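Numbered according to mature numbering (1 follows the signal peptide of the UniProt record, and there is no 0), the sequence shown spans residues -26 to -1, 1 to 313. Below is one structure, written out as structure tokens; the observations come after it.
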Amino acid sequence: MFRTTLKPFSLFCSVALALAHFQALTATLYYGGDILTMEGDSPQYVESLLVDRGKIIFTGNRKDAEKLSDNSVTLIDLQGMTLVPGFIDGHSHFFGFGAQAVTANLLASPDGEVNDIPTMLKTLKSWYQENGTDKTQGWIVGMGFDDAVLKENRFPTRHDLDQVSENIPIMVVHISGHFSVVNSKGLAMLGIDANSENPSGGVIRREQDDKTPNGVLEELAAIPAMIKMISPATPEIANYYIEQAQKTAVSYGYTTAQEGRAMGNHEQLAAFAEAGKFYIDVNSYVDYSMPQYMNSKWFGRDYKNGYRIAGLKLTLDGSPQGRTAWRTKEYLLPPDGQE
């Protein structure tokens, strides 16, 4: 009897694209599990799957697969686990995978350990001691915190981050990617003070005097600085970002990933493709402010060395997590500073 529940191992049929990059190019035969082909309208399973030189060359009866291979074939017993086709990423920010790999992990459990603000501060300190700031423009940067699951049920403020350092700029990015929090040094370097007005499409949250910034930046008050902080300073760092992003995607079974808002990083992704370094496919949607990229050779239905521009990204509102997305009904809990 077949089990349709996917187990954590969750290999993928398009394993050819990923595993062939890491293993020697010899035939590999997978068997002993629920090998789901995703063909047809109902679940279709096969007994074995044979991969050779980066391509799936056979699915079906194991004895027939063994006839197509020789004694050098590598046998992988799935031990009852499930093997499925590679996942296609419906929406994410591929380049951000790489940025997250080189910044402090502020995700809550089970993806990280930051379930309260003291742990966040400890994580930032440890990350800085181990990594420095060479890859993050001289800033201490953390990504992925979620105020909704923090024990304190609030955003950290500049005062919290000042406990990590008052001399080094610090930025922590919300899990939505639409908010950030900056320490006092960072606010000064960004030129944000009590006289700063909210930019169009953004909010600088204030302290009780309604003037002094508390460190929390929303939407277009946050995003330009965030992009600057996580943008790689050199081509070498850009390649490192993309390599880490690709490894992260593959580790979760994705064989097609998406960069949901490509800007200057399109050129870095294109250079990576030109060098023939992609072993998965990556779609980019370039920001509407950069329509010139739609005239490049990378735009179209077909991938070139694993990369293509698939279309334009249009931005109309914010994020549900930050309660800045447009809705037909009011939020149960209003956004900060609103009734």
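Ideal Cβ placement from N, Cα and C applies to all residues, glycine included. Please read all numbers here as calculations on a predicted model, not as lab measurements.
Asked: Counted within 10 angstroms of its Cβ, other Cβ atoms place Trp300 as buried (16 or more) or exposed; Found: exposed
Asked: Beta-carbon proximity check, Ile30 vs Lys109, cutoff 8 Å; Found: no
Asked: Boundaries (first-last residue) of the alpha helix (DSSP H) holding Glu248; Found: Asn239 to Glu248
Asked: Meets three-Cβ-pair contact criterion under 8 Å: the stretch 101 to 116 and the stretch 257 to 275; Found: no
Asked: Cα-Cα separation between Met12 and Ser205, rounded to whole angstroms; Found: 38 Å
Asked: Contact between the stretch 182 to 193 and the stretch 213 to 227 (3+ Cβ pairs under 8 Å); Found: no
Asked: Reduced DSSP category for Arg36 - H, G, I as helix; E, B as strand; rest coil; Found: helix
Asked: For Ile50 and Tyr4, believed in contact at Cβ under 8 Å, the rounded distance; Found: 5 Å
Asked: Enclosing beta strand (DSSP E) for Ser22 [first to last residue]; Found: Tyr19 to Asp26
Asked: Proximity to Leu191 [Cα-Cα], best of Leu98, Arg179 and Ala122; Found: Arg179
Asked: Bounding residues of the alpha helix (DSSP H) (the contiguous stretch that carries Val224); Found: Pro209 to Ser225
Asked: Buried or exposed (CB count within 10 angstroms, at least 16 for buried), Asp44; Found: exposed
Asked: Thr302, buried or exposed, once every other Cβ within 10 Å from all chains shown has been counted against 16; Found: exposed
Asked: The stretch 58 to 72 in contact with the stretch 225 to 233 per 3-pair CB rule at 8 Å; Found: yes
Asked: Val155 beta carbon less than 8 Å from that of Gly189; Found: yes
Asked: Buried versus exposed call for Lys159 [16 or more other C-beta atoms within 10 Å across all chains shown]; Found: buried
Asked: Span separating the alpha-carbon of Val138 from that of Met237; Found: 32 Å
Asked: Integer-rounded CB distance, given that Thr97 should sit under 8 Å from Val88; Found: 6 Å
Asked: Span separating the alpha-carbon of Asp120 from that of His240; Found: 28 Å
Asked: Sequence ranges, alpha helix (DSSP H) only - wholly within the stretch 53 to 118, length at least 4; Found: 68 to 75 and 91 to 105
Asked: Met163, DSSP secondary structure in three states; Found: helix
Asked: Separation of Ile9 from Gly54, as counted between CA atoms; Found: 10 Å
Asked: Buried versus exposed call for Thr2 [16 or more other C-beta atoms within 10 Å across all chains shown]; Found: buried
Asked: Of the listed residues Tyr281, Tyr305 and Tyr277, nearest to Gln295 (C-alpha basis); Found: Tyr305
Asked: Ala195 beta carbon less than 8 Å from that of Pro173; Found: yes
Asked: Short Cβ contact (8 Å threshold) for Lys287 with Gly234; Found: yes
Asked: Alpha-carbon to alpha-carbon, Lys41 and Leu(-2); Found: Below a pLDDT of 50, predicted positions are generally treated as unreliable, and Leu(-2), at 46, falls in that range; the measurement from the model is reported next regardless. Their Cα atoms are separated by approximately 19 Å.
Asked: Buried/exposed call for Ser193, threshold 16 Cβ in 10 Å; Found: Checking the sequence shown, residue 193 turns out to be Glu, not Ser. It counts as buried.
Asked: Alpha-carbon spacing of Lys125 relative to Asn35, whole angstroms; Found: 53 Å
Asked: Coarse secondary structure for Lys202, derived from DSSP in three states; Found: helix
Asked: Alpha helix (DSSP H) segment containing Asp136, residue limits; Found: Arg132 to Asp136
Asked: Proximal residues to Phe71 (C-beta, below 6 Å), its chain only, five neighbours per side dropped; Found: Ala219 and Thr222
Asked: Where Thr33 falls, given that 16 or more other Cβ within 10 Å makes a residue buried; Found: buried
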